[in-house]
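Step one of this worksheet: look at the structure below.
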Amino acid sequence: MSAPATSTALQETPCCAHHPGQEAVGTCARCGAFYCEAESIRHGEHTYCESCGGRPEVGHLERLERLWDARENNPLARHALVCGLAGLVVPVAAPLAMGLGVAGLRRVNLEATPPIGKRQQALAGLVLGGLGLVGWTGFVLWRLSQGRPLLP
Ligand SMILES: [Zn+2]
Ligand SMILES: [Zn+2]
């Protein structure tokens, strides 16, 4: 058990909860205590104080969170991005990317617990898919206007 930071919040620069005199650089994602530069421990996107960062379940939770983010958090958006990139090379992937992008965007819900994000990835898939589609349509029209076969 570590006590929360002793009313240092009212001071101009908060001090580390464990090392008085050391300037705090942030608050622990788990216990909320101020930590100093030397003891901050990073797991994924969060930073913890020395005692919390050393707890095995903290690293475990972060791993689960990353796994969840990679597998469960709006996979449609990620697929949209992948298809969008593929659509620049393979024509059929472009409309697919746009469909996935739209579906992915609809799923984004930051109010949900945990929040469903990746709006940027869905948007990127949508835009890349659109670019791919426009590019390939232009290519086909150009080939046709030249009277050449579509495939070399
Ligand atoms: Zn902590
Ligand atoms: Zn410290």
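Every letter in the sequence shown is one number past the one before it in the numbering used here, and letter 123, counting from 1, is 144.
For each residue, glycine too, the CB sits at the ideal point set by N, CA and C.
Values in this document were obtained by computation on a predicted structure and should not be read as measured data.
For residue i, which of helix, strand or coil comes out of DSSP?
| i | result |
| --- | --- |
| C37 | coil |
| G159 | helix |
| W89 | helix |
| C49 | coil |
| E132 | coil |
| L154 | helix |
| R84 | helix |
What are the residues that DSSP puts in a beta bridge with residue i?
| i | result |
| --- | --- |
| T68 | R63 |
| E78 | Partner(s): none; E78 has no beta bridge. |
| A44 | Position check: residue 44 holds Glu in this sequence, whereas Ala was assumed. E44 pairs with C36. |
| C57 | A45 |
Which residue wins for smallest C-alpha separation from residue i, given the options the options?
| i | options | result |
| --- | --- | --- |
| H40 | G156, A54, K139 | A54 |
| F160 | E44, P112, R99 | P112 |
| A91 | L149, C52, G138 | G138 |
| L121 | P170, P135, Q142 | Q142 |
| A38 | L144, C70, G168 | C70 |
Are there three or more Cβ pairs, one per stretch, closer than 8 Å when the region 74 to 91 is compared with the region 122 to 130? no
Taking contact to mean 3 or more Cβ pairs, one atom from each stretch, closer than 8 Å, check whether the region 129 to 141 and the region 93 to 100 are in contact. Yes: the two stretches touch, three or more of their Cβ pairs being nearer than 8 Å.
If you pair each beta-carbon of the region 62 to 73 with each one of the region 104 to 123, do three or more pairs fall below 8 Å? no
Is there contact here, the region 105 to 121 with the region 144 to 159, by at least three beta-carbon pairs under 8 Å? yes
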